[in-house]
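Protein chains in written order, with my numbering: chain S, 101 to 275; chain A, 101 to 275. Virtual Cβ for every residue (Gly too), placed ideally from N, Cα, C. As the structure is a prediction and not an experimental result, all values here were calculated from the model.
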């Protein structure tokens with residue numbers, strides 16, 4: 101099946117000029133969801149990953165199923181203020197202002213092999229923040245995997261510049 | 101393994117007197133996470149469920165992996181304002197004021213068999229709101245499954261009163 105056909109595009113969301121790629125239609129497709137998890141997991145079947153890190157909130161959906169498929173643990177990286185224990189945090193830029201991501205400080209151990217999963221790679225801002233948090237914790241981020249990539253926004257280059265392998269399943273032109 | 105042992109308790113979070121049951125330590129346990137998904141899925145292996153519904157945000161983690169295990173689709177129910185397409189919504193009471201959950205109006209079809217998954221069953225307020233949304237959409241909610249149940253808070257009775265089968269993996273006394 102063609103995964104791209106299961107993704108709905110919503111023009112002008114959340115604001116004028118943005119073509120929003122809505123992956124909830126992929127999730128709700130029985131075959132689309134299973135296929136996306138198989139494809140996201142495939143490059144890592146022969147690596148013994150310790151944990152899959154999912155970025156709130158759509159990254160939880162894909163990351164948790166990939167963790168289950170690969171027999172790894174799952175670590176959530178959340179928006180600031182949601183996690184109850186000691187955390188590492190990292191700010192990242194939004195169009196106006198910034199936001200902060202957090203991870204429990206004891207969620208990963210030094211040297212653990214980690215795959216970061218999120219639904220969308222655009223400029224790479226949130227993924228870079230997640231990787232910096234993991235590096236503070238001493239983990240080895242092996243790769244980052246995304247359902248959708250917007251190549252024109254340059255996220256892949258930023259991540260590869262940090263030595264991170266990048267995988268994505270579907271590409272869309274433009275924003 | 102004993103799943104209960106993988107859940108961390110944090111006293112006085114998010115406020116004095118609450119014993120917060122932190123399931124992130126279960127997620128990060130390779131064996132604990134796999135075991136939780138197997139146990140959540142087991143009662144439904146012989147029913148052809150159409151979709152698993154996960155409630156934002158921890159319900160996404162368990163619900164998505166259960167959907168993958170059962171070969172079903174996954175439908176997110178989110179806090180208001182996060183979903184880009186037409187939605188059904190339902191308010192639910194918090195200690196002070198209320199909050200609103202939303203689901204895409206075309207995410208499920210009339211008559212579809214649905215399992216609702218969340219991390220915690222306390223008073224049942226969010227689960228009841230999720231079930232009402234699904235009923236507006238004409239879906240048949242077969243059951244609701246939770247990792248942790250706090251039996252003293254009465255959520256099970258509320259859901260069973262709506263004709264919903266309730267499953268949970270671990271119980272804790274008190275709040």
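Q | Contacting residues, own chain, Cβ-Cβ under 6 Å from residue 233 of chain A (five flanking each side not counted) | A | 188, 190, 203
Q. If we count the other Cβ atoms within 10 Å of its Cβ and call it buried at 16 or more, is residue 111 of chain S buried or exposed?
A. exposed
Q: May I ask you to report which of helix, strand or coil DSSP gives residue 257 of chain S?
A: Judged by DSSP in its simplified three-state form, residue 257 of chain S adopts helix.
Q: Check the Cβ of residue 102 of chain S against every Cβ in chain A and list those closer than 8 Å, keeping chain order.
A: Going along chain A, no residue has its Cβ under 8 Å from residue 102 of chain S, so there is no contact; the nearest lies around 17 Å.
Q | Per DSSP, the bridge partner or partners of residue 108 of chain A | A | A:122
Q: From the DSSP output, in three-state form, read off residue 113 of chain A for me.
A: coil
(Q) Need the endpoints of the beta strand (DSSP E) that residue 139 of chain A sits in, please. (A) Membership of residue 139 of chain A in any beta strand (DSSP E) is not indicated; the residue belongs instead to the alpha helix (DSSP H) covering 130-141.
Q.
By the DSSP assignment, the alpha helix (DSSP H) with residue 212 of chain S in it spans what residues?
A. First-last for residue 212 of chain S: undefined, no H or E at that position.
Q. So residue 121 of chain S packs on residue 156 of chain S, CB below 8 Å; how close in whole Å?
A. Contact doesn't hold; Cβ gap of about 18 Å is too wide.
Q. Roughly how many whole angstroms lie between the Cα atoms of residue 264 of chain S and residue 225 of chain S?
A. 14 Å
Q) Contact check, residue 273 of chain S vs residue 123 of chain S under 8 Å by CB: the rounded distance? A) That belief does not hold up - the Cβ atoms of residue 273 of chain S and residue 123 of chain S are roughly 17 Å apart, past 8 Å.
Q. Nearest to residue 128 of chain A by CA position, among A:148, A:105, A:207, is which residue?
A. A:105
Q. Of the residues A:195, A:138, A:261, A:184, which one's Cα is nearest the Cα of residue 171 of chain S?
A. A:138
Q. Taking all protein chains shown into account, do 16 or more other C-beta atoms lie within 10 angstroms of the C-beta of residue 176 of chain S, making it buried, or fewer, making it exposed?
A. buried
Q. Listing by chain order, which chain A residues have their CB less than 9 Å from the CB of residue 110 of chain S?
A. 184, 185
Q. Got a sec: which bits of the region 184-214 of chain S sit with their beta carbon under 7 Å from any beta carbon on chain A, in order along the chain?
A. 184, 185, 204, 207
(Q) By the DSSP assignment, the alpha helix (DSSP H) with residue 232 of chain S in it spans what residues? (A) 225-236
(Q) Quick check on residue 194 of chain S: buried or exposed, where buried means 16 or more other Cβ atoms within 10 Å of its Cβ? (A) exposed
Q: Please classify residue 169 of chain S: is it buried, with 16 or more other beta-carbons within 10 angstroms of its beta-carbon, or exposed?
A: buried
Q) Whole-angstrom Cβ separation of residue 247 of chain S and residue 270 of chain S, contact assumed at under 8 Å? A) 6 Å
Q | Same chain, Cβ closer than 6 Å to residue 238 of chain A, neighbours up to 5 away in sequence not counted | A | 210
Q) Along the chain, where does the beta strand (DSSP E) that runs through residue 249 of chain S open and close? A) 240-249
Q) So, residue 153 of chain A versus residue 217 of chain A, is the Cβ gap smaller than 8 Å? A) yes
Q: Indicate whether residue 101 of chain S and residue 109 of chain S have their beta-carbon atoms separated by less than 8 Å.
A: no
Q | Residues near residue 243 of chain S by beta carbon distance below 8 Å, same chain, minus five either side | A | 143, 144, 215, 216, 264, 265, 266, 267
Q. Using DSSP with H/G/I as helix, E/B as strand and the rest coil, what is residue 154 of chain S?
A. strand
Q) Since residue 137 of chain S meets chain A, which of its residues come closer than 8 Å, beta carbon to beta carbon? A) 168
**Q.** Proximity winner among A:196, A:253, A:259, relative to residue 227 of chain A (alpha-carbon distances)
**A.** Closest by alpha carbon: A:259.
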